[in-house]
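Working notes for the structure below.
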Amino acid sequence: MTGQKGKFITLEGIEGAGKSTVLEALQAHLSASGIPFLCTREPGGTPAAEQIRELVLHGIEEELAPDAELLLIFAARAQHLRQQILPALARGEWVLCDRFTDATYAYQGGGRGLPVERIAQLEQFVQGALRPDRTLLLDLDVSRGLARARDRGTSDRFEREARAFHERVRTCYLGRARAEPARYTIIDAGQTVAQVRRDALAAIASLEPRLTA
Ligand code: TMP
């Protein structure tokens with residue numbers, strides 16, 4: 007299914023962990039290195055998937071059932087994969103994605119309490135064998151993350167969840183990262199911005215093509 011030639015890098019973390027700053031640093035680095043890339047996000051990344059994002063993040067008057075939320079997120083992902091991610095990887099571009107399926111395990115699994123097996127089935131159905139080559143987890147204390155997110159002003163359905171929800175999200179992310187250390191790099195997002203950027207660049211260095219003598 008994948009025909010993958012480029013590298014697939016995802017960024018994860020609780021609200022306010024600082025993903026945008028790291029994405030900027032990674033984009034600047036790839037541009038300077040002459041590596042072609044696509045920078046995108048989930049849920050979203052195509053017009054249809056962005057409409058689903060709007061529904062999932064901001065809702066409508068009717069309460070969204072957790073199962074419906076899960077299916078909408080995977081519907082957006084299926085569209086995003088076929089329209090954007092898989093073609094880019096097949097062309098040899100790197101893909102930098104602001105959140106991916108680890109977020110579904112963390113938010114819909116950890117946060118909402120949906121069964122992990124159900125998420126794993128959908129992951130297999132929608133993605134086949136495709137998994138990120140590297141996942142950078144920006145780890146931060148929940149109080150600090152929520153305070154930073156609040157400072158941004160607007161709030162979505164997830165940001166309005168109770169602190170305990172975000173603690174479960176963080177715990178789930180950390181559990182997944184520790185279970186799969188070859189794919190994940192945990193970055194302490196409480197460090198200075200300069201140090202977080204350095205750690206992020208170090209985390210992708212081993213994926214880059216080496217010049218042979
Ligand atoms: P953000 O990209 O601005 O952080 O917002 C995306 C929100 O969507 C964030 O609160 C996490 C949530 N989300 C899920 O709940 N499940 C998912 O699978 C993804 C990709 C995001």
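To convert, take the position in the sequence shown, counting from 1, and add 6; that gives this note's numbering. The beta carbon of each residue, even a glycine, is placed where N, CA and C say it ideally should be. Predicted, not measured: the structure shown is a model, and the values here were computed from it.
Option nearest residue i by Cα separation, candidates the options
i: Lys11; options: Phe80, Gly40 and Leu92; result: Leu92
i: Thr177; options: Ile15, Gly117 and Tyr190; result: Gly117
i: Arg140; options: Gln85, Ile58, Val101 and Ser37; result: Val101
i: Gln90; options: Gln57, Ile210 and Gly51; result: Gly51
i: Asp162; options: Pro42, Arg156, Leu63 and Pro53; result: Leu63
i: Ile193; options: Phe14, Gly9, Lys13 and Lys25; result: Lys25
i: Arg105; options: Glu69, Glu48, His86 and Ala55; result: Glu48
i: Ala55; options: Ala81, Arg154, Thr198 and Gly9; result: Ala81
i: Thr27; options: Ala109, Arg169 and Gln201; result: Gln201
i: Phe14; options: Pro138, Glu123, Leu61 and Phe171; result: Pro138
i: Phe195; options: Glu186, Arg184, Ala168 and Arg154; result: Sequence check: residue 195 is Ala here, not Phe. Measuring from the Cα of Ala195, the nearest candidate turns out to be Arg154.
Residue i versus residue j - alpha carbon distance
i: Pro121; j: Gly65; result: 23 angstroms
i: Arg204; j: Leu146; result: 17 angstroms
i: Ala112; j: Asp73; result: 15 angstroms
i: Asp157; j: Ala126; result: 34 angstroms
i: Arg97; j: Ile41; result: 12 angstroms
i: Leu207; j: Glu165; result: 28 angstroms
Cβ-Cβ distance between residue i and residue j below 9 angstroms
i: Arg83; j: Thr46; result: no
i: Ile79; j: Tyr179; result: no
i: Val152; j: Gly22; result: For the sequence presented, residue 152 should be read as Leu rather than Val. Yes. Within cutoff.
i: Leu128; j: Leu77; result: yes
i: Leu29; j: Leu17; result: yes
i: Val148; j: Glu173; result: yes
i: Leu87; j: Leu136; result: yes
i: Glu5; j: Gln114; result: An answer regarding residue 5 cannot be provided, because it is not within the stretch 7 to 219 covered by the chain.
i: Glu214; j: Ser37; result: no
i: Ala209; j: Thr191; result: yes
Enclosing alpha helix (DSSP H) for residue i [first to last residue]
i: Glu30; result: Lys25 to Ser39
i: Phe43; result: Note, Phe43: premise wrong, no alpha helix (DSSP H); beta strand (DSSP E) at Phe43 to Arg47.
i: Asp205; result: Val199 to Ala211
i: Thr177; result: Arg169 to Ala185
Boundaries of the beta strand (DSSP E) in which residue i is found, first to last residue
i: Leu144; result: Arg140 to Asp145
i: Ile15; result: Phe14 to Gly19
Any chain C beta carbon closer than 9 angstroms to residue i
i: Ala34; result: The structure shown has no chain C; it contains just one protein chain.
For this session: Entirely within the region 85-123 and at least 3 residues each: give me those beta strand (DSSP E) ranges in chain order.
Result: 100-104
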